[in-house]
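Participant: Numbering (the working numbering), first residue to last: 507 to 913. Here a beta-carbon is modelled for each residue, glycine too, at the ideal position from N, C-alpha and C. One structure, pasted below without further comment.
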Ligand SMILES: Cc1ncc(C[n+]2csc(CCOP(=O)(O)OP(=O)(O)O)c2C)c(N)n1
Ligand SMILES: [Mg+2]
């Protein structure tokens, strides 16, 4: 959605001086243009960095170049296909009652694989709850992503094993964690960088504004990577900002750039540049990946209630996987055997995840009381005892069992 369209569709209000008694009940009140400030007219796609068109044609950008080998290009394609397959499996598992909830990344594969593959091992990532593609790039076992959604653990992986922090549901809060971590990185004198993922909706959070301020004044080596997927549940991006999100960076004193989030090559090139900017001591940078959430917000959501089929169809034509496939085929960089092999690998991945999730052990019910305090706490002790007593109340009572058997 453009800023222009937002301004044009500004909410209307009834005119100021209304005298209710004199106005015929059925007459609609006169309407006037909204009193909201009108955003400056902006082109539909201001400064969108693109290296691969939706039709799969390679184009150049003056500031962002990329030169990848056929192997690397096929690798990006493979990453996106496998991530999409894993995501589809997780959605099915939720529908079959194996998960309590799932937040699909469908449509955002290029934004996540492009940025994830730009990272170095020693960089550190702070994700939201939707970064399954980035987790894949960091080497987190996909099945481990499902534990929290199945309700059998509170995270599922050791953040320090892959420099990939736990999923964060509290919108925007991870941008502060990332900024603090990045400030630590520069105090240590390390040349690694930190990436904070967040959404268009999160950009309205106070936490994000604070993170931007601290990162700017402390020159922290952090890349703020905003996946603008056009929606924050049922709220459109136009309700989050009067200017394109990437332009907000200017007010904090660091650069911002908008990249075609469905173009894996452009995302890779832009994120590499942003990471280099951070590593070389130039401070934070904001990347806005302009993309689309093709599925529901989560499996609890029904997007047909707030958006049109036409909108979805328009974005389907910009599918990140199809466009890279079109390029690979047109340039003769991948043959049928490659695509068929990948299809098999995808099915194998799906099967493996399904098997693992079904055999994932349930946690010890009392474990919830562990790790709250390092040295114990009277209140926790009390609650633990109460809960143990409650659980014990389910133990078979010999008298009840006899009654149920009817003897
Ligand atoms: C602090 C806080 N407020 C509200 C919510 C409820 N909530 C969960 S997801 C979401 C929308 C987030 O939208 P966006 O940042 O665009 O990310 P997306 O889900 O589109 O990836 C909201 C409001 C929350 N989890 N945390
Ligand atoms: Mg969003």
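(1) Could you check where the alpha helix (DSSP H) with residue 629 kicks off and where it finishes?
(2) With a 10 Å radius around its C-beta and 16 neighbouring C-beta atoms as the bar for buried, classify residue 734 as buried or exposed.
(3) Do residue 504 and ligand 2 come close, with the Cβ less than 7 angstroms from some heavy atom?
(4) On the DSSP letters alone, give me the boundaries of the beta strand (DSSP E) that residue 691 sits inside.
(5) With a threshold of 16 other CB atoms inside 10 Å of the CB of residue 872, please say whether the residue is buried or exposed.
(6) Ordered along the chain, which non-local residues of its own chain (more than five positions away) have a Cβ less than 6 angstroms from that of residue 731?
(7) If we count the other Cβ atoms within 10 Å of its Cβ and call it buried at 16 or more, is residue 892 buried or exposed?
(8) Is the beta carbon of residue 556 less than 8 angstroms from the beta carbon of residue 772?
(9) Along the beta strand (DSSP E) that carries residue 891, what are the first and last residues, could you check?
(10) Assess, as a yes-or-no matter, whether the stretch 748 to 761 is touched by the stretch 800 to 807 under the definition of 3 or more beta carbon pairs within less than 8 angstroms.
(11) Under three-state DSSP, which class holds residue 870?
(12) Out of 770, 769, 755, which has the shortest C-alpha to C-alpha gap to residue 763?
(13) Residue 642 by DSSP, collapsed to three states: which one?
(14) On a Cα-Cα basis, can you pick out the residue from 587, 604, 882, 678 that is closest to residue 710?
(15) Starting from the N-terminal side, write out each stretch of the beta strand (DSSP E) that is 3 residues or longer and does not extend beyond the stretch 786 to 862.
(16) Out of 642, 729, 715, which one is the CA nearest neighbour of residue 789?
(17) Sort 716, 791, 724, 708 by Cα distance to residue 743 and report the nearest one.
(18) Should residue 602 be labelled buried (16 or more other beta-carbon atoms within 10 Å of its own) or exposed?
(19) Assign residue 857 to one of two classes, buried (16 or more other C-beta atoms within 10 Å of its C-beta) or exposed (fewer than that).
(20) Check whether the stretch 588 to 602 touches the stretch 634 to 641, taking contact to mean three or more Cβ pairs, one atom from each stretch, closer than 8 angstroms.
(21) Report yes or no: do the stretch 736 to 752 and the stretch 688 to 698 share at least 3 C-beta pairs separated by less than 8 angstroms?
(22) Residue 765 and residue 718 look like a contact to me (Cβ under 8 angstroms); what is the Cβ gap, rounded to whole Å?
(23) Closer than 8 angstroms, CB to CB, is residue 639 near chain B or not?
(24) Would residue 852 and residue 588 qualify as a contact pair, given that the criterion is a beta-carbon distance under 8 angstroms?
(25) At a cut-off of 7 angstroms, would you count residue 659 as near ligand 1, judging by its Cβ distance to the nearest heavy atom?
(26) What residue range is occupied by the uninterrupted alpha helix (DSSP H) comprising residue 591?
(27) Where DSSP assigns a beta bridge to residue 766, which residues make up the other side?
(28) Where do the ends of the beta strand (DSSP E) carrying residue 702 lie?
Facilitator: To lay it out plainly:
(1) Looking at the DSSP string, residue 629 is not in any alpha helix (DSSP H), and its letter there is neither H nor E.
(2) Flag for residue 734 reads buried.
(3) It is not possible to answer for residue 504, since the shown part of the chain is limited to 507 through 913.
(4) Note, residue 691: premise wrong, no beta strand (DSSP E); alpha helix (DSSP H) at 679 to 694.
(5) Taking a 10 Å sphere around the C-beta of residue 872, we find fewer than 16 other C-beta atoms and assign the residue as exposed.
(6) Setting aside the 5 residues that flank it on each side, residue 731 is surrounded in the same chain by 621, 701, 703, 793, each with a C-beta closer than 6 angstroms to its C-beta; the list follows chain order.
(7) Looking at its Cβ environment, which holds fewer than 16 other Cβ atoms inside 10 Å, residue 892 is exposed.
(8) Result yes, Cβ atoms of residue 556 and residue 772 sit closer than 8 angstroms.
(9) Boundaries for residue 891: no beta strand (DSSP E) harbours it, while the alpha helix (DSSP H) harbouring it runs 884 to 898, taken from the DSSP string.
(10) No, the stretch 800 to 807 is not in contact with the stretch 748 to 761.
(11) Correct three-state label for residue 870: coil.
(12) The residue with the shortest Cα to Cα distance from residue 763 is 755.
(13) The answer is helix: DSSP assigns residue 642 an H, G or I state.
(14) Nearest C-alpha to residue 710 among 587, 604, 882, 678: 678.
(15) Annotation: the stretch 786 to 862 contains the following complete segments of the beta strand (DSSP E) (minimum length 3 residues), in chain order: 791 to 796.
(16) If we check each option's Cα against that of residue 789, 729 comes out closest.
(17) Closest option to residue 743, judged by alpha-carbon separation, among 716, 791, 724, 708: 708.
(18) Burial call: exposed.
(19) For residue 857, the number of other beta carbons within 10 angstroms of its own is below 16, and it is reported as exposed.
(20) Contact holds: three or more Cβ-Cβ distances are below 8 angstroms.
(21) Because the criterion of three Cβ pairs below 8 angstroms is not met, the stretch 736 to 752 and the stretch 688 to 698 do not touch.
(22) Actually they are not in contact, since the Cβ atoms of residue 765 and residue 718 sit about 18 angstroms apart, beyond 8 angstroms.
(23) Chain labels in this structure do not include chain B; a single protein chain is all it has.
(24) Yes, the pair counts as a contact, with Cβ atoms nearer than the cut-off.
(25) No - ligand 1 has no heavy atom lying nearer than 7 angstroms to the Cβ of residue 659.
(26) In the DSSP annotation of this structure, the continuous segment of the alpha helix (DSSP H) that includes residue 591 starts and ends at 576 to 601.
(27) DSSP, once it has assigned bridges, lists 796 as partnering residue 766.
(28) Start and end: 700 to 705.
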